[in-house]
Amino acid sequence: MSLGVFEWDVSIAGTNIADIVPEYESDISFGRTDIEDQPVPTTATINIITRDAPDFQDWMSEDYPTFQVGGISSGFVDVYADEYEGATSSIVLGDPVTINATTPTGFQDVYVDEYATGANYPRFTGYITAIDYSHDRIQITAAAPIEELTRIDVDNVFNAMTATERVTSIATAAGASVSVEGTAPQVMCAEDDTDPTDSYRLIESVARDTESVFYCDRAGVTHFEAETAR
12 MSLGVFEWDV SIAGTNIADI VPEYESDISF GRTDIEDQPV PTTATINIIT RDAPDFQDWM
72 SEDYPTFQVG GISSGFVDVY ADEYEGATSS IVLGDPVTIN ATTPTGFQDV YVDEYATGAN
132 YPRFTGYITA IDYSHDRIQI TAAAPIEELT RIDVDNVFNA MTATERVTSI ATAAGASVSV
192 EGTAPQVMCA EDDTDPTDSY RLIESVARDT ESVFYCDRAG VTHFEAETAR
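The opening position of the sequence shown corresponds to residue 12 in this note's numbering, with each subsequent residue numbered one higher.
Written as structure tokens, this is what we have:
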């Protein structure tokens with residue numbers, strides 16, 4: 012899988028499977044569609060060729076023996092062996108996924124003449140959240156680490172504090188890592204709603220009310236950028 016001078020590194024659990032990811036069949040959703048909206052949580056949809064696809068046996072089955080469905084070896088050795096281990100696959104929910112665009116020569120721009128090492132541009136960092144099978148494709152859906160915040164509820168009880176203090180408090184209560192950048196002069200009112208609310212929704216609400224930006228970058232780092240950060 013390549014694009015012009017760039018080559019793609021599509022890794023699942025540390026294995027680069029770019030050779031069995033067909034071009035133009037995968038997608039990364041990133042950013043926002045309107046200046047008034049908050050960025051959407053980043054997701055990646057990756058299609059992987061299975062061993063049932065035409066010609067897969069000829070050029071990929073030996074290199075990627077576990078990235079496959081259909082015709083997986085049962086574990087039987089011969090007619091006298093009754094040990095059965097069943098099918099195995101290295102694709103597991105929660106496995107880390109990284110997508111990088113690389114330049115093998117190392118060339119970056121007119122001012123950089125270091126060619127010994129390639130440049131690496133992260134496009135996505137996350138983990139598998141869904142696996143869907145068809146006859147000749149395995150479709151992987153992966154989400155950026157910010158997705159975890161949608162599944163971590165915290166008590167919506169806070170004293171009056173600035174927006175950045177509120178975000179830090181929410182992240183601490185959720186046990187999550189959020190890079191809080193800049194300052195927001197707005198003082199958020201006290202909250203005494205004891206019903207637990209997911210931490211993503213709480214931080215997104217602060218960002219929306221204070222014209223800040225809450226997002227996860229391509230390297231998998233979650234940011235809250237207050238007004239002065241821009």
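Virtual Cβ for every residue (Gly too), placed ideally from N, Cα, C. Because the structure is a prediction, the values reported are computed rather than measured.
Asked: Spatially closest choice to SER37 from ALA64, THR26, THR114, ARG134, by CA coordinates; Found: ARG134
Asked: Neighbourhood of ALA154 by C-beta, 6 angstroms cutoff - its chain only, sequence neighbours within 5 removed; Found: THR54, GLY137, THR140
Asked: Residue range of the beta strand (DSSP E) that includes ALA195; Found: Note, ALA195: premise wrong, no beta strand (DSSP E); not H, not E.
Asked: Reference ALA185, options VAL198, ALA29, ILE157, THR152, closest by Cα; Found: ILE157
Asked: Close beta carbons around ARG43, own chain, < 6 angstroms, minus the five adjacent residues each side; Found: PRO50
Asked: Closest residue to VAL198 among SER210, ALA187, THR173 (Cα-Cα distance); Found: THR173
Asked: Any non-hydrogen atom of the ligand NAP within 7 angstroms of SER145 CB; Found: As far as ligands go, the structure on display features none, and thus does not contain the ligand NAP.
Asked: Endpoints, the beta strand (DSSP E) within which GLU215 is located; Found: Unbroken run through GLU215 is the alpha helix (DSSP H), 210–220; no beta strand (DSSP E).
Asked: Beta-carbon contacts of ALA64 that lie in its chain and below 6 angstroms, excluding the five residues immediately before and after; Found: ASP147
Asked: Nearest-angstrom Cα separation, counted from ALA201 out to VAL168; Found: 8 angstroms
Asked: From TRP19, VAL103, SER210, TYR144, residue whose alpha carbon lies closest to that of SER180; Found: SER210
Asked: Pair within 8 angstroms by beta-carbon distance, THR112 and PHE41; Found: In the sequence as presented, Thr is not what sits at residue 112; that position holds Ala. No. Outside cutoff.
Asked: Three-way DSSP call (helix, strand, coil) for VAL108 in this model; Found: strand
Asked: Element boundaries [alpha helix (DSSP H), containing ALA184]; Found: 174–185
Asked: Cβ neighbour criterion (16 or more within 10 Å) applied to ILE149; Found: buried
Asked: Segment limits, beta strand (DSSP E) that includes GLY25; Found: Note, GLY25: premise wrong, no beta strand (DSSP E); not H, not E.
Asked: Beta-bridge partners of PHE41, as assigned by DSSP; Found: Answer by DSSP bridge pairing: none, since PHE41 is not bridged.
Asked: Rounded straight-line distance, which links the Cα of ILE31 to that of PRO207; Found: 43 angstroms
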